[in-house]
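Going down the list, the protein sequences come from chains A and B. Residue numbering for the first sequence follows my numbering, beginning at 1 and increasing consecutively. Residue numbering for the second sequence follows my numbering, beginning at 206 and increasing consecutively. C-beta: ideal position from N, C-alpha, C; glycine also. Each remark here refers to the structure printed beneath this line.
There are 2 protein chains.
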Amino acid sequence: MSLSSALLEAAVDQLATLPGIGRRTAMRLALDLLRREPQEVARFSEAIRRMREDVRFCEVCCNISDEPRCAICRDPNRDQATICVVEDIRDVIAIENTRQYKGRYHVLGGVISPMDGIGPDDLNTRQLMERIQDGIVREVILALGTTLEGDTTGFYLNRKVHERGVAVTMLARGISVGGELSMTDELTLGRSIADRKPYEQGMKR
Amino acid sequence: MSLSSALLEAAVDQLATLPGIGRRTAMRLALDLLRREPQEVARFSEAIRRMREDVRFCEVCCNISDEPRCAICRDPNRDQATICVVEDIRDVIAIENTRQYKGRYHVLGGVISPMDGIGPDDLNTRQLMERIQDGIVREVILALGTTLEGDTTGFYLNRKVHERGVAVTMLARGISVGGELSMTDELTLGRSIADRKPYEQGMKR
Numbered sequence: 001m002s003l004s005s006a007l008l009e010a011a012v013d014q015l016a017t018l019p020g021i022g023r024r025t026a027m028r029l030a031l032d033l034l035r036r037e038p039q040e041v042a043r044f045s046e047a048i049r050r051m052r053e054d055v056r057f058c059e060v061c062c063n064i065s066d067e068p069r070c071a072i073c074r075d076p077n078r079d080q081a082t083i084c085v086v087e088d089i090r091d092v093i094a095i096e097n098t099r100q101y102k103g104r105y106h107v108l109g110g111v112i113s114p115m116d117g118i119g120p121d122d123l124n125t126r127q128l129m130e131r132i133q134d135g136i137v138r139e140v141i142l143a144l145g146t147t148l149e150g151d152t153t154g155f156y157l158n159r160k161v162h163e164r165g166v167a168v169t170m171l172a173r174g175i176s177v178g179g180e181l182s183m184t185d186e187l188t189l190g191r192s193i194a195d196r197k198p199y200e201q202g203m204k205r
Numbered sequence: 206m207s208l209s210s211a212l213l214e215a216a217v218d219q220l221a222t223l224p225g226i227g228r229r230t231a232m233r234l235a236l237d238l239l240r241r242e243p244q245e246v247a248r249f250s251e252a253i254r255r256m257r258e259d260v261r262f263c264e265v266c267c268n269i270s271d272e273p274r275c276a277i278c279r280d281p282n283r284d285q286a287t288i289c290v291v292e293d294i295r296d297v298i299a300i301e302n303t304r305q306y307k308g309r310y311h312v313l314g315g316v317i318s319p320m321d322g323i324g325p326d327d328l329n330t331r332q333l334m335e336r337i338q339d340g341i342v343r344e345v346i347l348a349l350g351t352t353l354e355g356d357t358t359g360f361y362l363n364r365k366v367h368e369r370g371v372a373v374t375m376l377a378r379g380i381s382v383g384g385e386l387s388m389t390d391e392l393t394l395g396r397s398i399a400d401r402k403p404y405e406q407g408m409k410r
C-alpha cells in the first residue's frame, strides 16, 4: 500500500501499532480523523499525549491515578485488611461495578507469562509483598483471569503471600448467573459440580 | 464506568470517538499506550496532529497529498483524457494496486446519502465538472461502490457528465475472479448472466 501522502502514511503507521488494529482499519481511522476539524484532532492528539505524560500510578496499589494516592486508597471507609489482586485497571472497574467489594486493590500491571518474557519482577509484585507486611492486611484475594498465565501468577502469589502468614483466597469458579447449563463449557461445568455447595448457602446473595 | 483518573478518562473518551471503537476497546487501546514509553506516545500523538494540520488535498483531483498537486496528477505519463471517479483515497490505493489503470482520478470524498444529509454539494462534484470542461477529458469512469448510495451518486454524476458531452463508463459487475458460483450472491450471479460475453473476449486479460 503506497500512499500519496507521507503525513497520512505516518499517521496510519502509528495507528496500526495499536493492538487489534491492522493497516486497513488504521487507514479507516485516519480518514475519519482527516474529515474532522483540525482543533478537534488537536484535542484528540493532546488527550493521548497528556495521559501518557501526566498519569501516575498510585504509590500504594499501582492503580492509575491523577494524584500520588488513588481515590480508593484515600477512602477511609474501605477495608484496609483486604487486598484484591488484579491484572489491570479494567478489572478494578469491573469489580467496582459489582458494588460487592469494600476492600482495597493491588494492580499487578499484567500476568506472569514466560512465553512473552514477563516474570514476577516485571509486575508490581514487590509492592504487594511490602504492603502485606504491615500487620493490618489479613486476606489477599487473587482475582486473576482463568488463563494459563492467570493460573501461573496465582500459583506464584499464593506461595509468596502464604509464606508471610496472610490468608489467600480466590474468586469462585462455576456456572454464570443467568447462564444455561448446556452452553457452559465442560471445564467450568465439571468444576461447578466438584465445588457444589449446600442449596441454602449457594442461593444466598 | 467511572475511572480513577480524569486523564485516562479523557483519552478513552477521545479514542471512543473513532469509528468502530467502543468504550471497552478504547480502554484497551489507552492501556496499551500507557504501557509504552512517553516519547513513543508523543510520536504517536504528533503524527496524528500533524496529519490533520498539514495534509492537503490535491487542487486537481482532491486526492490526499503533501503538495498542492498530488503525485498522480503531476505524473506526465498518466493519461489526461480519462478520469476515474472514486469515493475516497482507499479506492485510489485499491485501483493503483491492480496496475491496470493509467489515467487520473477524482476523489469525491464520500457518496450522496440523503439519509445522512449528504448531497452533491457536500462532495467534490463541482471540481469534477470544472475538470471535464477542458476539452481534454474524453471519458469518466464511475468506480463507485455497489450500494444504494453508490448507485445514487453514479446516477447523478452520469447525468451531469453526459450533459457536458463526455463519455461515462462504469466498472464491470460480475462474478469474482477465483470466486465460486455457489458462493456468489443471486444479484451478482443474475447480473453476470445478463451481461455475458463471447468466450474469447471474456477470457482476455
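Next on the checklist: Residues in the same chain with beta-carbon distance under 8 Å from L212(B), minus the five sequence neighbours each way, listed in chain order, please.
Outcome noted: none
Checklist entry - Is the beta carbon of L31(A) sitting closer than 9 Å to the one on I294(B)? => result yes
Item to check | Interface residues of chain A facing C275(B) [CB-CB closer than 9 Å] | outcome: S4 and S5
Checklist entry - Which first and last residues belong to the beta strand (DSSP E) in which D284(B) is found? => result D284 to V291
Checklist entry - Within the 9 Å Cβ cut-off, does Q219(B) reach chain A? => result yes
Next on the checklist: What does the alpha-carbon distance come out to for the pair R233(B) and V12(A)?
Outcome noted: 19 Å
Checklist entry - Where in the segment 287-362 of chain B do unbroken runs of the beta strand (DSSP E), each at least 3 residues long, occur, reported from the N-terminal end onward? => result 308-312 and 344-347
Checklist entry - Between which two residues does the alpha helix (DSSP H) containing T393(B) stretch? => result E391 to A399
Next on the checklist: Please report the straight-line C-alpha distance between K307(B) and D280(B), rounded to a whole angstrom.
Outcome noted: 10 Å
Checklist entry - Nearest chain A C-beta to I323(B) closer than 9 Å, yes or no? => result no
Item to check | R164(A) and M129(A) closer than 9 Å at C-beta | outcome: yes
Item to check | Whole-Å CB distance - T374(B) paired with E405(B), under 8 Å assumed | outcome: Actually they do not touch by this definition, with Cβ atoms about 21 Å apart.
Item to check | Segment limits, beta strand (DSSP E) that includes V168(A) | outcome: A167 to M170
Item to check | Where the alpha helix (DSSP H) containing T25(A) begins and where it ends | outcome: R23 to L34
Checklist entry - Whole-angstrom Cβ separation of A157(A) and L181(A), contact assumed at under 8 Å? => result Reading off the sequence, residue 157(A) comes out as Leu, not Ala. Not quite, the Cβ-Cβ distance comes to about 32 Å (not below 8 Å), so this is no contact.
Checklist entry - Expressed to the nearest angstrom, what Euclidean distance is found between the alpha-carbon atoms of Q219(B) and F44(A)? => result 6 Å
Item to check | Alpha-carbon spacing of Q285(B) relative to R24(A), whole angstroms | outcome: 30 Å
Next on the checklist: Quick check on DSSP: helix, strand or coil for S387(B)?
Outcome noted: helix
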